[in-house]
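Quick note: the sequence shown uses the numbering used here, first residue 18, plus one each step.
The structure appears below as structure tokens.
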Amino acid sequence: MKINAVLRCKEPEIKPRAYEVSDVITLSDAEFRSVLKEPLKDREYLKGRTGQDACVLLLSKTGNDGILVDTQGYDYPRYSAFIPNARQIVENFVQSETETVEVKSSRNEPKLEM
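Here it is in structure tokens:
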């Protein structure tokens with residue numbers, strides 16, 4: 018079995034932090050590989066993005082994994098994390114949000130009397 022991950026050496030504590038994903042951007046496979054290979058390169062699609070704890074999730078067109086990016090106002094991934102199975106995470110979130118909206122909508126429908 019193989020798992021894609023970034024391991025850190027001698028971390029005193031492993032404490033995940035929640036980040037708000039403001040946008041999901043699907044890149045060509047070549048561009049996604051380019052971000053993995055050259056993460057400090059300026060990217061036009063990251064330009065002008067600001068906001069504390071507001072991140073962008075980059076996905077490749079055909080892959081399952083993603084890169085979570087916090088630009089801190091820069092045009093490159095100033096902070097980044099590799100996210101295994103990111104596509105599935107996004108799909109599960111979208112499905113969950115859709116179901117929540119459907120449930121809320123059905124509660125607000127007027128009752129019809131005959």
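Idealized CB from N, CA, C, for every residue including glycine.
Values in this document were obtained by computation on a predicted structure and should not be read as measured data.
Across the set Pro94, Asp82 and Asp46, the C-alpha of Pro94 shows the shortest separation from the C-alpha of Glu61. Separation of Phe99 and Val86 (C-alpha to C-alpha, rounded to the nearest whole angstrom) is 9 Å. Val107 carries a helical assignment under DSSP once its states are collapsed to helix, strand and coil. If you ignore the 5 residues before and after Gln89, its C-beta comes within less than 6 Å of the C-beta of Arg95, all in its own chain and listed in chain order. Annotation: the continuous alpha helix (DSSP H) that includes Asp46 extends over Asp46 to Lys54. If the five residues before and after Asp82 are omitted, its C-beta is found closer than 6 Å to the C-beta atoms of Asn21, Pro101 and Ala103, all from its own chain and listed in chain order. Taking the Cα positions, Thr43 is about 5 Å away from Leu76. Within its own chain, the residues whose Cβ lies closer than 8 Å to the Cβ of Leu74, once the five positions on either side in sequence are excluded, are Val38, Asp40, Val41, Ile42, Gly83, Ile84, Leu85, Val86, Ile100, Ala103 and Val107, listed in chain order. DSSP, reduced to helix, strand and coil, places Tyr62 within a helical segment of the structure shown. The DSSP-derived three-state label of Thr79 is coil. A residue is called buried once 16 or more other Cβ atoms fall within 10 Å of its Cβ, and Phe110, having fewer, is exposed.
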